[in-house]
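Reading through the structure tokens given below for one structure.
Numbering (the numbering used here), first residue to last: 610 to 937.
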């Protein structure tokens with residue numbers, strides 16, 4: 610990729626990280642195991658988040674914040690839909706489920722986006738009840754939501770720096786029925802707003818953006834890093850509405866990767882898709898890669914992609930996962 614695009618990055622062995630004390634260490638996300646591993650590699654403890662910082666980040670990452678912010682946004686704005694509850698008692702959750710029509714989704718308070726989900730299709734099973742009781746016992750509660758008739762997934766991306774919050778762009782993405790990430794549209798912010806304006810007023814999006822800047826600043830005053838607020842356009846009662854706070858991802862996220870890639874490496878006006886695919890059959894990833902190279906040869910001008918296919922990861926016969934962009 611570095612031979613094609615003007616990447617300002619170099620790979621270094623993990624064991625050599627301590628040789629670059631002038632560089633900030635910015636992982637995808639932090640946890641105590643990573644902190645311990647970096648210290649074992651010789652990184653100065655002063656350059657790493659403290660154990661107290663990691664406890665705070667864990668609290669910031671709790672899905673309970675998304676539940677509360679959704680309620681606040683709905684109280685402030687018309688045109689918003691969605692329902693989200695945080696149950697600290699499994700019996701109360703069990704009583705709520707039959708009182709709400711349709712399918713539901715249950716979420717662990719602490720898990721990655723698209724993970725820690727249980728789908729209640731019809732009635733809850735004994736196995737799912739056991740899951741609820743275990744999660745309440747281990748994590749203090751369970752998030753429960755009715756499943757909405759989703760039309761579009763998107764997110765607003767922000768950067769937080771100890772209370773100062775800036776909007777960094779939109780992300781329009783797709784997810785599997787399980788909630789797992791599949792890919793992002795590579796579009797300008799203006800194009801994403803134009804697509805969304807077919808469903809909801811732009812003024813609503815702009816007001817929500819302003820509200821979220823204040824709410825993120827108030828709730829996470831000591832956090833530095835990216836935060837993505839996942840949203841959904843939904844169909845309801847013959848019209849469209851916006852679920853303005855499905856998830857809050859307190860870390861670097863794929864939507865931000867797609868936003869940065871589009872802005873840095875796509876030619877003006879170029880559009881396409883960034884995708885992560887899993888190929889189960891041996892050799893199928895390589896076959897797909899070779900087919901795309903033949904049918905959509907890459908065209909680059911002055912370090913910017915005009916059109917074509919580019920794999921962002923090495924592809925061999927043993928490859929299962931492939932990340933790539935396809936510019937149309």
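Where is the CB? At the ideal position from N, CA and C, for every residue including glycine.
Among the options, the one whose alpha carbon lies nearest that of residue i
i	options	result
residue 660	727, 836, 672, 645	645
residue 612	805, 936, 919, 929	919
residue 908	900, 801, 917	917
residue 767	691, 746, 686, 824	824
residue 668	858, 789, 926, 896	858
residue 706	682, 820, 734	734
residue 711	887, 729, 752, 723	729
residue 848	753, 686, 690	690
residue 699	898, 897, 890, 747	747
residue 915	749, 905, 885, 924	905
residue 775	618, 832, 623	832
residue 656	673, 627, 666	627
residue 721	738, 863, 923	863
residue 635	902, 861, 927	861
residue 649	633, 800, 637, 624	624
residue 891	743, 682, 925, 633	925
residue 829	869, 878, 876, 771	771
residue 834	773, 677, 618	773
residue 638	614, 616, 666	666
residue 787	727, 731, 704, 822	727
residue 686	820, 630, 871, 798	820
residue 808	897, 841, 743	841
residue 798	879, 615, 651	879
Buried or exposed (CB count within 10 angstroms, at least 16 for buried), residue i
i	result
residue 911	exposed
residue 756	exposed
residue 852	buried
residue 759	exposed
residue 793	buried
residue 670	buried
residue 856	buried
residue 640	exposed
residue 936	buried
residue 621	exposed
residue 736	exposed
residue 675	buried
residue 887	exposed
residue 839	buried
residue 702	buried
residue 761	buried
residue 929	exposed
residue 845	exposed
residue 894	buried
residue 672	buried
residue 717	buried
residue 785	exposed
residue 777	buried
residue 881	buried
residue 874	buried
residue 901	buried
residue 619	exposed
residue 642	exposed
residue 632	exposed
residue 693	buried
residue 750	buried
According to DSSP, residues forming a beta bridge with residue i
i	result
residue 783	792
residue 916	908
residue 759	843
residue 752	695, 716
residue 766	778, 837
residue 935	882, 918
residue 773	770
residue 930	887
Supposed close pair residue i, residue j - CB separation, criterion 8 Å
i	j	result
residue 663	residue 854	Between residue 854 and residue 663 the Cβ distance is about 24 Å, and since that is not below 8 Å, they are no contact.
residue 719	residue 741	Contact flag wrong, Cβ pair sits at about 15 Å.
residue 769	residue 867	Not confirmed; about 19 Å, so no contact.
residue 745	residue 709	Residue 745 to residue 709, Cβ: 19 Å. No contact.
residue 754	residue 713	6 Å
residue 791	residue 884	7 Å
residue 795	residue 934	7 Å
residue 843	residue 688	Not really, about 11 Å apart at Cβ, beyond 8 Å.
residue 765	residue 818	6 Å
residue 763	residue 822	Their Cβ separation, rounded to whole angstroms, is 17 Å, which puts residue 763 and residue 822 out of contact at 8 Å.
Distance cut-off 7 Å: residue i Cβ against heavy atoms of the ligand MN
i	result
residue 739	Within the structure as shown, the ligand MN is missing, as the structure has no ligands at all.
- Message: Just to confirm the assignment: which complete beta strand (DSSP E) runs, minimum length 3, are found wholly within the segment 818-868?
- Response: DSSP assignment within the segment 818-868 yields the following whole beta strand (DSSP E) runs of 3 residues or more, N-terminal first: 833-845, 848-858.
- Query: Which ranges would you report for the beta strand (DSSP E) in the segment 675-736 if only whole runs of at least 3 residues count?
  - Reply: Entirely contained in the segment 675-736, the beta strand (DSSP E) runs reaching 3 residues are, in chain order, 694-696, 713-716, 726-729.
- Minimum length 4: unbroken alpha helix (DSSP H) runs contained in the segment 627-676: Segments of the alpha helix (DSSP H) lying fully in the segment 627-676: 641-649, 660-669.
- Could you tell me which uninterrupted beta strand (DSSP E) segments, each at least 3 residues in length, are contained entirely in the segment 867-904, listed from first to last along the chain? Positions of the beta strand (DSSP E) runs, each at least 3 residues long and wholly inside the segment 867-904, are given as 881-887 in order along the chain.
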